[in-house]
Each structure stands twice: as C-alpha cells, then as structure tokens.
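S.K.: This is the structure I want to talk about, given as structure tokens.
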Amino acid sequence: MSCRTSPEVGGMGHAIKRKEDLRFLQGKGNYVDDVVLPDMLYGHMVRSPYAHARLKGVNTEKAKELPGVVAVITGEDLAKANLAWMPTLFFDKQMVLATGKVLFQSQEVAFVVAEDPYVAADAAELVEVDYEELPVLVDPHKSLDPDAPILREDREQKSNHIFHWEVGDRATTDRVLADSEVKASVHTVFQRCHPAPLETCGCVADFNRATGRLTIYLTSQAPHAHRTLFAIVGGIPENNIRVISPDIGGGFGNKVPIYPGYVCAVVASLTTGRPVKWIETRSENLQSTGFARDYHMTAEMSATADGRIKALRVKTLADHGAFNAAAQPTKFPAGLFSICTGAYDYPNAFCEVDGVYTNKAPGGIAYRCSFRVTEAAYLIERAVDVLAQELKMDPAELRMKNFIAPDKFPYQSPLGWSYDSGNYAAAMKMALDAIGYDELRKEQAEKRKRGELMGIGISSFVEIVGAGPAHTFDIAGIKMFDSCEIRVHPTGKAICRMGTKSQGQGHETTYAQIVAEELGIPAADVTVEEGDTDTAPYGLGTYASRSTPVSGAATAMAARKIREKGKKIAAHLLECAEEDLEWEPGKFFVKGAPSKSKSIQDIAFAAYTNMPQGMEAGLEAVDYYDPPNLTFPFGTYICVVDIDKGTGEVKVRRFVAVDDCGNIINPMIVEGQIHGGLTEGFAIAFMQSIDYDESGNVQGGNFMDYLLPTAVETPKWETGKTCTPSPHHPFGAKGVGESPNVGSPAAFVNAVVDALSHLGVKHIDMPIAPWKVWTILKEKGVVN
Amino acid sequence: MAAKQLVHIKVNGREREAMVEPRMLLVHLIRSFPGLTGTHIGCDTSHCGACTVVLNGKTVKSCTMFAVQADGGELLTVEGLMKDGALHPLQEGFKQEHGLQCGYCTPGMLMSSYALLEKNPSPSEEEIRWGISGNLCRCTGYQNIVKAVQFAAAKLAEGEKHELSHVS
C-alpha cells in the first residue's frame, strides 16, 4: 500500500517512531505499582496450600494482633456482605475468599491489610487455617467418572460437567469419515500455559468517604467493562466508580478477568476509608490468575487418495479448573474454536467441546488469541501434516491443493463463519520462496542418508479476530462494539479517547496515525488517551486482536464525521457550495482551483471563532463502531529445525513468517508484534507449561519452573507480508497482534515431527523439551 | 522486627539516606525514593531482570539484595541515563529500533545493556544476546533489542572518534 500522507503527517503506512516510548525509556511510565497515595495501606493474600480441602476454620486473631495490621478479611466476612462469591466472565461464579472449601492450590483464603507491605506479609503467615484434605481431581479425563469427587457443591448440577457445545453436521461428517479413502487422526493436548506478562496483576483501590467515589487503579485490559461489573457486583452506583488503567506492562489476555485480589482491595478500602494497594507476586500470578489452553483435542480428517480433504471431525475436552473463568463471548462457550476447519475448502465438518472442572486454577482465558483460535489453528495445522504423512504427500503440496481459492471469498465455512478475504496460496508461495523450500527438502534427504535429523514445518493459519459484530458477540451481556472520541482543538491539534487499552501495542501512535490519515492532522499533533473511564467513551477493551478492527474503525468513522462538519466550515470560509469542494488529506480545496483551499487547521480555528450561522461550535465527534463481520488475518509460517541426537535438543535454524493482516497502519509496529508473538509461540512449543502433580501441586508456579525464553534461546525471525485488505473494514485493516502466536506453535511442532517422521513419529505434544525427543530417539533405537 | 538501620547511597549522582529494616530489599528502597519508580519488579526469583540496576559499576538484580548491602554504594538507575537533557544512545537506540513495547522490562534491559557496553564497546550479536540473557522480555522477541544495542554501540563509537579528533 502506498502512503497517502507525507512522513511528516505520518498517516497509514508510515513506520513512524512510537509516541509512547519517551516516558518508558526514562523510567517515567506509570504502572499500577507506581501509584502511591497518601495514607495508603497494603494488602496480602493468604492462599491455600491444598488443591482440595474442607475449610474447617480461619483464625485471624494472631494476625490482627501484629502491630501495623489494620484488618484481616475472610470469606465469612465477605459472605455477610454477599461478596464471598463473584460472577466470572462466563456465567459461572468464583469464590473471592474461600468459604466451605478450597478447590485449587493457591486459592484465596484471607486478605490481610496493613500499614506496610512487609507487615502484611508477616501477618499473612500468622493467619491459622484449619484444612481437612479431600480427594483431588487433576486429570480432566477422570472428571466425569462415576467415582470422581464432585468439586462444586454450590451448583445444583451434581457433576463436574460444565458445558457441551457442538456445531456442524454430525451425521454427514460421520458418514464421509466412514467412507474415507484416506483417514488421518491426531490426538493432541494443547497444554495449560500462562501468559505471564512481565508486570503481574494488581490494583490500588481508593474509596473517598468524603465524596463517596471509588477510584480503582487497575491492571485492566477492559477498564469500562470492569467498572460496570464492579457496579453490578458491588452495588456501587456506576457514576461513583472510576477505573483508571494506567500503563500496563503486558497483558496477553491475563488482564481481562476480574480477580479476587481486586475485590478484596476494594472491600478493604470501602471499610477502612483508605487507599489499599494489592500487587501480586509472580508465583501468585502464575498459580491463581487466568491460565490458557488446556484443550485435549482429537481431530479426524478424511481425504481422497489424491489428497482432497473431504471432512473434519473434532472432539475436545476442555479443562477449566475449579471455576469456569473463561473470558468468552456469551454464545460461544468454546470461543471461536470452530475456526478449526482452517484455510481449506471442504464441505463437511463437525466439532464438539465438553468443559469440565478440576482442582486447578480457574480460567480458560484467551492468551494472545481471539478466544480459542490458537487451539483451533494448532489442531488443524497438525492434522493436515498428519494427513500429508498418511498420503505420503508433501505437506506444502497438500495445503496448496486444498486452500480456499481467492475467488471464493467471502467464503462460508462449514462451521458457520464467513471469511472476509484471503489469498492463502500467495502467502504460502512467498514463504516457500523465502525459505528455499525445495533446496531444504533436498538437504533433508541427504542428511537423512547420513543419519542427521533435520525437519521443516509449515503452518498456514487463518485467524478470526475483531469481535463484534454486536448482534452475535457480547461479554457478560455487554455488546462487543468499541469506540473513539476525537476532539480537535482551536489550534488544529487533537485528542483522541478510546474504549480500548494498550498493553504495549503502541496505540498512542497507531490511533494517531489513523487520525493523520483521515484528517491530515500530523500524528505528532494527536494525543491518544485510554484507560480512564471518567473521560474515555465506553468500550470493551483490548484483547482478541480487536483494537484495530473495532476501535481503529471507530477512529476512522469519528474522523470522517469531523471531516463532514469541516466541509461545511470550509464551504463557509471559501464562500462556495459544499459540492464544489474536494478533500485531500489535510485540506479542502475548490474543484479546479486548488489554490483556493482551507487546511484542517484553518477549519478547526474557524470551528471556534468563525462558524457558519446556526452551526454548533466545536469540532469533535464520537463513534461507537459495530463491525459488520469479524476479520480473518492469515499467513504461512515455515520453520527449519536441526535436532541434536545426543541430547534431544531442537535448534530452530530458520523461521520465515509471511503475514497478511490487510492494510497496515505502522509497519514497524506490525513487525514488532510479529516478533513478539512468534517468541511466545516458540515458548509454548518448547518451554511453557503449567503442570500439576497428582496432589494438585502446581509444577510451573514460578519463573524457575515456568520456563520463558531469553534472548539466547530465541531464534531470529524473518518476516514477510502480503496484503489482502478486509473488504468491510473502513480502511481495510484486519489486526495482527495475535497471528504469530496463533500460527506458530504448529510450525514448530510440525518441524520437529517432520525431522522424525521417517522413524514413524506422527505427533509429539508440546512443550517439546529435549527429554521428550531424546526418549523418542531412544525408543526408536536411534540412540542407545 | 529488627531495629532499622541507616543506609547511605548515591543514586544517579545524588546522595540519599534512609532508615530501613535490615530485610528490606534494595529494589523496594529504590522505588521508595520520589521519582525513582522506573526500576520494576517482575518476579520473586531473580529471573526476570526488570529490577536490574548498576551498583558500583556492576549490574545487580536489586530484588536479590538487601538495601543495607548497598550501604555506601553508588547506584545508577534508568532515571540516571540521560545526560544534559539528551537521551543516552541506548535510549535512542531502543526508540529508533522499536526495542520496547509495554516498557516494563525496558529499564532493566537498558541497565544490562549499559553495563555490557561499558565492558565491551563493540559486542557481537551473540555477546549482546548473552549480555541481556538475565532480562526477560515478553513483548519484543529480543530481535529489536539486539538492534537497539548495536545502534547504541555504533553511536557511542562514533562519539568517541569525534571526541578523540577534538583532543588532537
């Protein structure tokens, strides 16, 4: 896409440097833990060491006696205010502080409030809790066994079953699969992992008894929705709640839910009349807040002998932990998992998901992912590779043969989605060329002769992002539109306020670029503000790659409303009819007489100083955008690995990522998002896993056990792009932040399996640690 | 509670003192000084490096030291990197090369990179990757951080040449 504005204006397509960087580089960011208020207290959570236990008693006397302790809150205390439980974002409820029993290790049991964080931690040690251990349920496959302990005694339904969800044509799909010429199946576990943003979750709750207002500084990806939920759950008038989400140190879905610590801090501030800060430790973050995935999936595929895919059947067991605290749109208990038919054109599919409880941390959040899209993309891209193996066909050829053709868009998928646009073969061809695919296959064949292990893995993913539309999508009943308000000041500078909230995505720059594109006001002259519910228009927040598709669209629409008004003012200033005016970024001019023009700055000044008679003063607009459809970014990723036979270590030699996210606002930021997402995908494929032992003890509960890649392990990323604009988005964008995390895990795993495929290996579950590979090599007799 | 002790430290050239409990972590002391919240906390196990500062010329993870251990020391934090109102070449490099996203790891990354370049003014890519391997970043994938450090190394080398030519 060529740029319509100059680099100085910095509209769409310019790789301008980020406006937000200066404060971060000087250590002047303002994160929640940096908020210090006069007379502030500190909260510390007492947590359960057991995964399942009867709570016989909580004795807070000794803790309360410690000098400096102001309050100790228990579940029984909260129950008196009807706050011991809170709703989750998916029609379940969750204990704020335990009453009756605890259901996972590190569950919240009591909340200590003290003058000093060290004293609060000391006092937490003095809270005496009497537990009686109960049988622990860790394996979701045993959740529905007749002898499984019933975890949720609070529910009417005496079962660990949460939901059954299915979509597609079961009968036809079953029939086509039964008649398959070639059939492939894969059973895979997308392991439980955690987004682990570098900043943990936390808040400062500040109830002012004099004004009756409650201000909550919150690590929130969705401050407006959180304000509404605090109002509904806490019974506080919504106008008396102000949520401020300041700088956020990464979110990746972790900061979408409301956590017990937030509620406790609010309760403590309401009862003490003083500000209360609660900041999680890293282990609390990993052990108790929103985990992701834990999908146990089986895919079966049918194809003709020459490699035409005919059908897909998917059966999945979803482990939601102790409470279904997934953040999903209401109609979609398994999120957008039904995108699992992928980039391929076939008519028959059926998908079913069952959700169950276990004695693990609650969640099921969308980790850098649009509601279970990562699980879906991983499953289909794994299944296609297994099918290629069954067919003895090159996986690139199989994909090319089955891609949805460019002229079939908008494409109706067999599970009900309408893909907006795509050219999958073009992206794949670019990736194949960039990596030198044919040469690599030759090299692999030669290496195999020498007994060396090298693999090439492909993933051609399709995403589904940017929820709404509002008629189909809501979170806890609130429709998934999003918003932008633009005010142009008399001197032609502007402020933009948004319903979304950046956690590092660079919104202060990219939204300003949209305004620059639409109005010609230089991006440098546009301030973007998010996260203060007192000032910003209502919106659902930033997750599911929805900021550009929804709030970005709202920004363009609000700017266009301003342009409409600007046209009337320009006509007034130029003493001509509106129809005689033409627009180019930054000015209106008279058709055929380009020297007769008025810049957007002239127009802004006139909007306050010389408006036409009868016109309201000012130049501002707000837009609440309801997208007509989702957007469908896609791409092809290719990974090359070498395996050390002696250690089982996998070395990623090269990784080429070709992405298509439609029209791009800032290519530098898009590339940065891709680097980051690929690194998280790499981490998931090889390192990140939250495991539990049979007693329900968390095995990945701190950064010693939950492995994250450093600069040394992380591969170098090679990126490329094709551009297929979204036909329904105001400027053709699709969103990109999650694509690399959605698309890459399959590329890594496919590469490792490919390296071992001649040994008969068809699948390895993530994370692919060296010991797993080494064990396979030993079993196959490759090493002694 | 043990008796509080007086700690003197020089932070970014300015003398500071505070009465602290012996168990107080250095990072908590640093963050308690007004305007010095740039040093962050990201884990409890010394893995993430968000709290990295330079103490007496060496990087330390300030969450893994008691404040009393820094008594009499000289500290450089992210707030001390700018000189005469101008960004340090590392800060400039991070901006030019898009070496930061959420900004949370950035102060620690900058301090580790600073100490690396003090020791090794022209590091190879591998040396840079090892040099920042005590710092986790969840956003950038490190690639642009490596470029940012290379940018700074080149700029610092250029500045030195410039200074030398002034002297001669």
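In the order they appear, the protein sequences are chains A and B.
First residue of the first sequence? That's 4 in this note's numbering, and the numbers climb one at a time after it.
First residue of the second sequence? That's 297 in this note's numbering, and the numbers climb one at a time after it.
All C-beta atoms in this analysis are idealised placements derived from N, C-alpha and C, irrespective of residue type, glycine included.
Computed from a predicted structure; not experimentally measured.
Closer than 8 Å, Cβ to Cβ, to anything on chain A: give me those residues from the stretch 362-375 of chain B, in chain order.
M.R.: Correct list: T373, V374, E375.
S.K.: Give the residues of chain B in contact with M48 of chain A, contact being defined as C-beta atoms less than 8 Å apart.
M.R.: Neighbours of M48 of chain A on chain B: none; closest Cβ ~14 Å, over 8 Å.
S.K.: With 9 Å as the C-beta to C-beta threshold (strictly closer), list the residues of the stretch 250-272 of chain A near chain B in chain order.
M.R.: From the stretch 250-272 of chain A, only D250, I251, G252, G253, G254, F255 have a Cβ closer than 9 Å to chain B.
S.K.: Is the CB of G309 of chain B under 9 Å away from at least one CB in chain A?
M.R.: It does not; no Cβ of chain A falls within 9 Å.
S.K.: Output the distance between the C-alpha atoms of L432 of chain B and K357 of chain B, rounded to the nearest integer angstrom.
M.R.: Going from the Cα of L432 of chain B to the Cα of K357 of chain B covers about 12 Å.
S.K.: Please list the terminal residues of the continuous beta strand (DSSP E) segment that includes K357 of chain B.
M.R.: Residues 354-357.
S.K.: Taking the alpha-carbon of L681 of chain A as reference, which of A:P365, A:Y640, A:P670, A:D645 has the nearest alpha-carbon?
M.R.: Looking at the Cα atoms, A:Y640 is the closest of the given residues.
S.K.: Is it buried or exposed, W774 of chain A, if we count other Cβ atoms within 10 angstroms and call 16 or more buried?
M.R.: So W774 of chain A ends up on the exposed side.
S.K.: In chain B, what lies closer than 8 Å to A199 of chain A by C-beta?
M.R.: Within 8 Å Cβ-Cβ: R434.
S.K.: Please list the residues of the stretch 707-723 of chain A that have a C-beta atom closer than 7 Å to any C-beta atom in chain B, keeping them in chain order.
M.R.: Cβ contacts with chain B: M707, L711, T713, A714, V715, T717, K719, W720.
S.K.: Does the Cβ of E488 of chain A have 16 or more other Cβ atoms within 10 Å, making it buried, or fewer, making it exposed?
M.R.: The residue is buried, with at least 16 neighbouring Cβ atoms inside 10 Å.
S.K.: Answer yes or no: does any C-beta atom of chain A fall closer than 9 Å to that of K391 of chain B?
M.R.: Closer than 9 Å: yes.
S.K.: May I have a chain-ordered list of the alpha helix (DSSP H) segments no shorter than 4 residues that lie completely inside the stretch 351-411 of chain A?
M.R.: Fully enclosed alpha helix (DSSP H) runs of 4 or longer: 376-394, 398-405.
S.K.: Report the neighbours of M671 of chain A on chain B: residues whose CB is nearer than 8 Å to its CB, in chain order.
M.R.: The contacting residues are H394.
S.K.: So, does the CB of D42 of chain A fall closer than 9 Å to a CB anywhere in chain B?
M.R.: With 9 Å as the cut-off, D42 of chain A does not count as an interface residue toward chain B.
S.K.: Can you find a CB in chain B that lies within less than 9 Å of the CB of R285 of chain A?
M.R.: It does; some Cβ of chain B falls within 9 Å.
S.K.: Could you tell me whether any Cβ in chain A is nearer than 9 Å to the Cβ of M378 of chain B?
M.R.: It does; some Cβ of chain A falls within 9 Å.
S.K.: Can you grab the Cα-Cα spacing for the pair G703 of chain A / A686 of chain A, in whole Å?
M.R.: Distance between the alpha carbons of G703 of chain A and A686 of chain A is about 14 Å.
S.K.: Quick check on E317 of chain B - is its C-beta less than 9 Å from some C-beta in chain A?
M.R.: E317 of chain B counts as touching chain A.
S.K.: Out of A:V655, A:Q676, A:A84, which one is the CA nearest neighbour of V236 of chain A?
M.R.: Out of A:V655, A:Q676, A:A84, A:A84 has the C-alpha closest to the C-alpha of V236 of chain A.
S.K.: Could you tell me which uninterrupted alpha helix (DSSP H) segments, each at least 4 residues in length, are contained entirely in the stretch 245-323 of chain A, listed from first to last along the chain?
M.R.: Complete alpha helix (DSSP H) runs here, min 4: 263-275, 285-291.
S.K.: Please list, in chain order, the chain B residues whose beta carbon lies closer than 7 Å to that of G675 of chain A.
M.R.: H394, Q397, T436, N440, listed in chain order.
S.K.: Would you kindly check if the distance between the Cβ of P770 of chain A and the Cβ of A688 of chain A is under 9 Å?
M.R.: The answer is yes: Cβ separation under 9 Å.
S.K.: Using a 10 Å radius around the Cβ and a threshold of 16 neighbouring Cβ atoms, would you call H458 of chain B buried or exposed?
M.R.: H458 of chain B comes out exposed.
S.K.: By Cβ distance below 6 Å, which residues in the same chain neighbour L396 of chain B in space, the five residues on each side in sequence not counted?
M.R.: Once the five neighbours on either side are set aside, the close Cβ partners of L396 of chain B are F390, T402.
S.K.: Find the nearest neighbour of V72 of chain A within the set A:A271, A:L201, A:G205, A:K258, judged by alpha-carbon distance.
M.R.: Comparing Cα-Cα distances from V72 of chain A to each of A:A271, A:L201, A:G205, A:K258, the minimum goes to A:A271.
S.K.: Would you please verify whether the beta carbon of G430 of chain B is less than 9 Å from any beta carbon of chain A?
M.R.: Chain A, which has a Cβ nearer than 9 Å to the Cβ of G430 of chain B, makes this yes.
S.K.: Could you spell out the range, first to last residue, of the beta strand (DSSP E) harbouring P90 of chain A?
M.R.: Taken as a continuous stretch (DSSP letters only), the beta strand (DSSP E) holding P90 of chain A covers 88-90.
S.K.: So that I know if they touch, is there some Cβ in chain B lying closer than 9 Å to that of R26 of chain A?
M.R.: Yes, contact with chain B.
S.K.: Within a Cβ cutoff of 7 Å, which residues of the same chain sit near P330 of chain B, ignoring the five residues on either side of it in sequence?
M.R.: None.
S.K.: Measure the C-alpha to C-alpha separation of E823 of chain A and Y370 of chain A and round it to an integer number of angstroms.
M.R.: It is not possible to answer for residue 823 of chain A, since the shown part of chain A is limited to 4 through 787.
S.K.: What is the C-beta distance between C372 of chain A and V745 of chain A, in whole angstroms, given that I count them as a contact (C-beta under 8 Å)?
M.R.: So it is a contact: roughly 6 Å between Cβ atoms.
S.K.: Given this structure, state the Cα-to-Cα distance separating S286 of chain A from V673 of chain A, to the nearest angstrom.
M.R.: Taking the straight line joining both Cα atoms gives about 31 Å.
S.K.: For the beta strand (DSSP E) containing L456 of chain A, name the first residue and the last one.
M.R.: Note, L456 of chain A: beta strand (DSSP E), 456-465.
S.K.: In this structure, does DSSP put A574 of chain A in helix, strand or coil?
M.R.: Three-state DSSP puts A574 of chain A in a helix.
S.K.: Taking the runs of the alpha helix (DSSP H) that are 4 residues or longer, which of them lie wholly in the stretch 304-348 of chain B?
M.R.: If we require 4 residues or more, the alpha helix (DSSP H) runs fully inside the stretch 304-348 of chain B come out as 322-328.
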